[in-house]
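Student:
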Amino acid sequence: MSERITRRETLKRGLAATSLLALWPDWNIPALAQGDTDVPFTDIPASFNPKAPNATTRILDIRNIDGPFTPTDQYFAVQHFDRPEIDGAAYRLKLTGLVHKPTEISLAELRAMRSTEMAVGYECSGNSAHSMQGLASCGRFTGVLLRNLLKHVGVGSKAREVVFFGTDHGAQELVFRKQTFNVDQQYGRSITLENAMKPEPVVAYALNGEPLRREQGFPVRLIMPGWYGMANVKWLTEIHLQEDRYLGNFQARWYRSVVGVGGTGADNDPETKWVETEVTRMHLKSVIARVRKTGGAYQIFGYALNDGTPMKSVEIQIDNGPWQKATFASTNSKYSWKLFTYEWDGATPGEHTLVSRATDVEGNVQPVAADLARKK
Ligand SMILES: Nc1nc2c(c(=O)[nH]1)N[C@H]1C(S)=C(S)[C@@H](COP(=O)(O)O)O[C@H]1N2
Ligand SMILES: [Mo]
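Numbering (this note's numbering), first residue to last: 13 to 388.
Structure follows, in C-alpha cells:
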C-alpha cells in the first residue's frame with residue numbers, strides 16, 4: 013500500500029440552496045451556533061464516515077474546523093503498525109552512531125532543555141477526496157530543536173544522514189529480485205544532516221500545550237515543518253547518525269511517486285518524461301472545507317498547505333466564473349495551515365461547482381485538473 017503523492021481533485025461541490033445556513037464571523041464563536049447550517053456537498057463519497065474511523069486511522073471532519081489549531085481529540089492519526097504504549101518514566105531517547113558521545117535522554121531531561129513552540133500544519137501524502145481531505149490537521153507543537161539536540165551530543169565529522177526510528181514495528185513481506193523475505197520492519201525515516209541542522213525540525217513532546225497522546229506518538233515525535241506527514245516520526249526511540257544513506261522500507265521504497273515532466277502527460281506522448289521522485293515537502297494545495305450561511309450570506313471556508321514558502325493567494329472559482337481572491341485568516345503563520353474565507357455574493361438555488369487554487373510568492377500555482385493528468 014505505497015502512498016502516492018497527493019492529487020488535487022477539482023472540488024466539485026454542489027450547493028443545495030434549499031438548506032438553511034448562517035455566516036461565520038469570528039473564530040471564537042462555536043461552530044453551528046443556533047440557526048447556522050452548512051450547505052450540503054453533493055460529492056461526499058458514500059464510504060466517508062468520520063464518526064466511524066477504523067482502529068488505526070482518525071479522519072478530521074474538516075467541516076467542523078473552528079480555529080487555527082485542531083483540537084487534540086480530533087487531530088488526524090495515521091500509522092502503519094499498532095500504536096505502541098510507552099512508559100514515559102522509563103522512556104529514553106537514544107542518540108547513536110556518528111556522534112561524539114552516544115547519549116540517552118529521559119523525557120524529564122528533554123522537557124528541561126530550552127523549548128520551542130511552533131504552529132505546524134501537515135497532511136498525509138495520501139490525503140484526498142476519499143477521506144474528504146481529512147488526513148490533515150494543524151497543531152501547536154512544543155519540543156526541542158533537533159539541531160540543539162545534535163549539537164548537545166556532538167555531530168561526528170563523517171555524519172551525513174540522520175535516521176529517526178519509531179518504536180513501532182511489524183512483519184512485512186519484502187520482495188527482492190522475485191524472492192520474498194519475511195522481515196520485521198521498524199518505522200524509520202531519514203533526512204540529510206543539512207536538513208536536520210535547519211532551524212525548523214523539532215523533537216516534540218507536546219501538542220496544543222498537552223503531552224502527546226498515544227496516537228500522536230507519546231512520549232516524543234519528530235515534527236518536520238513543511239513536509240508531508242510521513243516525515244513526522246512518532247514514538248521516536250532513536251536518532252542515528254550515519255555516513256551512508258538509510259534504505260529502510262519507509263524511506264527507500266515507500267513514499268515514492270512518478271511525475272510526468274513536459275508534454276501533455278498522456279501515456280503515449282513522447283514529449284513527456286516520466287521521473288521517479290521522493291515524497292518530501294508539501295506541494296501547494298487548497299481545500300474547500302465548507303459553505304456556511306448567515307441570513308442571506310454564504311461564506312466559503314477552507315485550508316491551504318505548502319512547504320512554508322509564503323503564500324500569495326487562494327482564489328475561488330464558482331461555476332467556471334472568474335477567479336476571486338479569498339481572505340487569509342490573521343492567525344495563519346509560516347508553517348501553519350492557511351485558513352481562508354470567501355464571501356459568496358449572489359448564490360442561487362441549485363448545484364454549483366466550487367474550485368480553489370493556491371499560489372505562492374515564487375509563482376508556483378496549485379495544479380488544476382488538467383495538469384494532474386501528468387501525475388501517475
Ligand atoms: N512511528 C511512526 N511514525 C509515523 C508513522 C508510522 O507509521 N509510525 N506514520 C507517518 C504518517 S504516514 C503520517 S501521515 C503521520 C501522521 O501523523 P499524525 O498521526 O500525528 O497525524 O505520522 C507519520 N509518523
Ligand atoms: Mo501518511
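Where a beta carbon is used, it is the ideal one built from N, C-alpha and C, also for glycine.
Only a predicted model underlies this, so the values are computations on that prediction, with no experimental measurement involved.
1. I'd like to know whether the C-beta atoms of THR154 and ILE98 end up nearer to each other than 8 Å.
2. So, under 8 Å CB-CB, SER202 and PHE176 are touching, yes? Tell me the CB distance rounded to an integer number of Å.
3. At 3 residues or longer, what runs of the beta strand (DSSP E) sit wholly inside the region 175-205?
4. Could you check whether the Cβ of CYS136 sits closer than 7 Å to any heavy atom belonging to ligand 2?
5. What is the rounded straight-line gap between the Cα of GLU283 and the Cα of VAL270?
6. Which residues in the same chain as THR69 place their Cβ atom closer than 7 Å to its Cβ, once the five residues preceding and following it in sequence are excluded?
7. Among VAL245, TRP349, GLY333, which residue has its Cα nearest to the Cα of ALA359?
8. To which residues of the same chain is LEU33 closer than 8 Å at the C-beta, ignoring the five residues directly before and after it?
9. Of all the options LEU147, ASP78, HIS164, which has the alpha carbon lying nearest to the alpha carbon of GLU116?
10. Is DSSP giving VAL156 helix, strand or coil here?
11. When the Cα atoms are used, what is the spatial distance from LEU72 to GLY182?
12. Ends of the beta strand (DSSP E) at ALA309?
13. Counting beta carbon pairs with one atom in the region 140-150 and one in the region 112-129, are three or more of them shorter than 8 Å?
14. Please determine if the region 120-132 and the region 344-362 are in contact, where contact requires at least 3 C-beta pairs separated by less than 8 Å.
15. Relative to the C-alpha of THR54, which residue among CYS136, GLY275, GLY375, HIS364 is closest?
16. What separation, rounded to the nearest whole angstrom, lies between the Cα atoms of ALA370 and MET236?
17. Are LEU296 and ASN318 closer than 8 Å when you measure CB to CB?
18. Quick one: what's got a C-beta closer than 7 Å to ASP372's C-beta in the same chain, skipping five residues either side?
19. Residues bridged to GLN336 by DSSP?
20. When the distance is taken between beta carbons, is GLU206 closer than 8 Å to TYR258?
21. Can you check the region 252-316 for any beta strand (DSSP E) of at least 3 residues that lies completely inside it and give the ranges in chain order?
22. In whole angstroms, what separates the C-alpha of ARG293 from that of TYR240?
23. Which first and last residues belong to the alpha helix (DSSP H) in which LEU422 is found?
24. By the three-class DSSP mapping on this structure, what secondary structure does GLY151 have?
25. Below 8 Å, can you find three or more Cβ-Cβ pairs linking the region 135-143 to the region 246-254?
26. Would you kindly report the start and end of the unbroken beta strand (DSSP E) that includes GLY229?
Tutor: Let me lay it out:
1. Translated into the one-based positions of the sequence shown, residue 154 becomes position 142. Translated into the one-based positions of the sequence shown, residue 98 becomes position 86. No, Cβ-Cβ distance for THR154 and ILE98 is not below 8 Å.
2. The residue labelled residue 202 in the question sits at position 190 within the sequence shown. The residue labelled residue 176 in the question sits at position 164 within the sequence shown. Yes, they are in contact, since the Cβ atoms of SER202 and PHE176 sit about 7 Å apart, within 8 Å.
3. Correct list: 191-204.
4. One-based indexing of the sequence shown puts residue 136 at position 124. At least one heavy atom of ligand 2 is nearer than 7 Å to the Cβ of CYS136, so yes.
5. In the sequence shown, residue 283 corresponds to position 271, counting from 1. In the sequence shown, residue 270 corresponds to position 258, counting from 1. GLU283 and VAL270 have their C-alpha atoms spaced approximately 16 Å apart.
6. As a position in the sequence shown, residue 69 is number 57, starting the count at 1. Closer than 7 Å at Cβ, skipping near neighbours: ALA89, VAL90.
7. The residue given as residue 359 occupies position 347 in the sequence shown. Looking at VAL245, TRP349, GLY333, the one whose alpha-carbon comes closest to that of ALA359 is GLY333.
8. By 1-based counting over the sequence shown, the position of residue 33 is 21. Low local confidence applies: a pLDDT of 24 at LEU33 is under 50, so the model's placement there is unreliable, with the coordinate-based value given in what follows. Closer than 8 Å at the Cβ level, and outside the excluded window around LEU33, lie ASP48, THR49, ASP50, VAL51, VAL303, ARG304, LYS305, THR306, TYR310.
9. Taking the first residue of the sequence shown as position 1, residue 116 is located at position 104. With distances taken between Cα atoms, GLU116 lies closest to HIS164.
10. Counting from one through the sequence shown, the residue named residue 156 turns up at place 144. DSSP places VAL156 in strand when its eight states are reduced to three.
11. Counted from its first residue, the sequence shown places residue 72 at position 60. Counted from its first residue, the sequence shown places residue 182 at position 170. Going by C-alpha positions, LEU72 is about 26 Å away from GLY182.
12. In the sequence shown, counting from the first residue as 1, residue 309 sits at position 297. Unbroken beta strand (DSSP E) run through ALA309: 309-317.
13. No contact exists between the region 112-129 and the region 140-150.
14. Between the region 120-132 and the region 344-362, the count of Cβ pairs shorter than 8 Å is three or higher; the stretches touch.
15. On the sequence shown, residue 54 is found 42 positions in, with the first residue counted as 1. When only C-alpha atoms are compared, the closest one is HIS364.
16. Here residue 370 refers to the residue found at position 358 of the sequence shown. Here residue 236 refers to the residue found at position 224 of the sequence shown. Looking at the two C-alpha atoms, the distance is approximately 22 Å.
17. Indexing the sequence shown from 1 puts residue 296 at position 284. Indexing the sequence shown from 1 puts residue 318 at position 306. The Cβ atoms of LEU296 and ASN318 lie closer than 8 Å to each other.
18. Here residue 372 is taken as the residue at index 360 of the sequence shown, counted from 1. Contacts found: LEU296, ASN318, THR321, PRO322, MET323, LYS324.
19. The residue given as residue 336 occupies position 324 in the sequence shown. GLN336 has ILE328 as its beta-bridge partners, per DSSP.
20. For the purposes of this step, residue 258 is identified with residue 246 of the sequence shown, where counting begins at 1. For the purposes of this step, residue 206 is identified with residue 194 of the sequence shown, where counting begins at 1. Not in contact: TYR258 and GLU206 (Cβ atoms no closer than 8 Å).
21. For the beta strand (DSSP E) assignment, the uninterrupted runs of no fewer than 3 residues enclosed by the region 252-316 are, from N- to C-terminal side, 268-273, 285-290, 297-306.
22. On the sequence shown, residue 293 is found 281 positions in, with the first residue counted as 1. On the sequence shown, residue 240 is found 228 positions in, with the first residue counted as 1. About 6 Å.
23. For the chain, the structure presents residues 13 to 388; residue 422 sits outside this window and is missing.
24. If you number the sequence shown from 1, residue 151 lands on position 139. Here GLY151 sits in strand by DSSP.
25. Touching, no, given that fewer than three Cβ pairs across the two stretches are closer than 8 Å.
26. Translated into the one-based positions of the sequence shown, residue 229 becomes position 217. First-last for GLY229: undefined, no H or E at that position.
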